[in-house]
Each structure stands twice: as C-alpha cells, then as structure tokens.
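Residue numbers (the working numbering): 561 to 648.
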C-alpha cells in the first residue's frame, strides 16, 4: 500500500497565536498512522501567518478528512483546508 502526501493550510485564530506551540498541538492531534514531514509558513495579511504542514498518511486511510477534522479541533486554529494532495 502506498502513501499520500497532503499539504494542508492551517489558519490561526489571530496573529498573537504562538506558531511553534500551534505546530506542536497539530502534531499531537494527528490521527494514528499520520506524520508531519515538514511545515512551511507564509505571510497572509496584517501579521497573520498561515501554517502549511505536509502530512504523510497511508493510502488506505480514507483521504484527508480525518486530518482536517483533527486539525480543526486544535486550540488556536481558525480554519483548515487542503492545499495539495499527491501519492508518494
């Protein structure tokens, strides 16, 4: 069975959110079998910085829905969306 890489876009609730702590909470919230391979950061507007974690999950894990739900429930997260998805 292969693996899928999904680049997610995670918007924090405010510019005051500690992005390092938010990144740790995202890693802790991952469903079983998921792993964050890297996290990019991008300025959005007015001091707000979006996190772009690339998550590796087994191909049979049912897509990115479980990851989106897990990330959406993390304290400090305003919204979660899928930026890119591909098989590796």
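For each residue, glycine too, the CB sits at the ideal point set by N, CA and C. Values in this document were obtained by computation on a predicted structure and should not be read as measured data.
Item, Value
"Cβ-Cβ separation, residue 645 to residue 624 (assumed contact under 8 Å), whole Å", "6 Å"
"Option nearest residue 528 by Cα separation, candidates 562, 573 and 628", "The first residue shown for the chain is 561 and the last is 648, placing residue 528 beyond what the model contains."
"CB-CB length for residue 637 against residue 572, believed under 8 Å", "7 Å"
"Cβ neighbours of residue 604 in the same chain (closer than 8 Å, five flanking residues each side left out)", "571 and 610"
"Test item: CB-CB of residue 618 and residue 563 under 7 Å", "yes"
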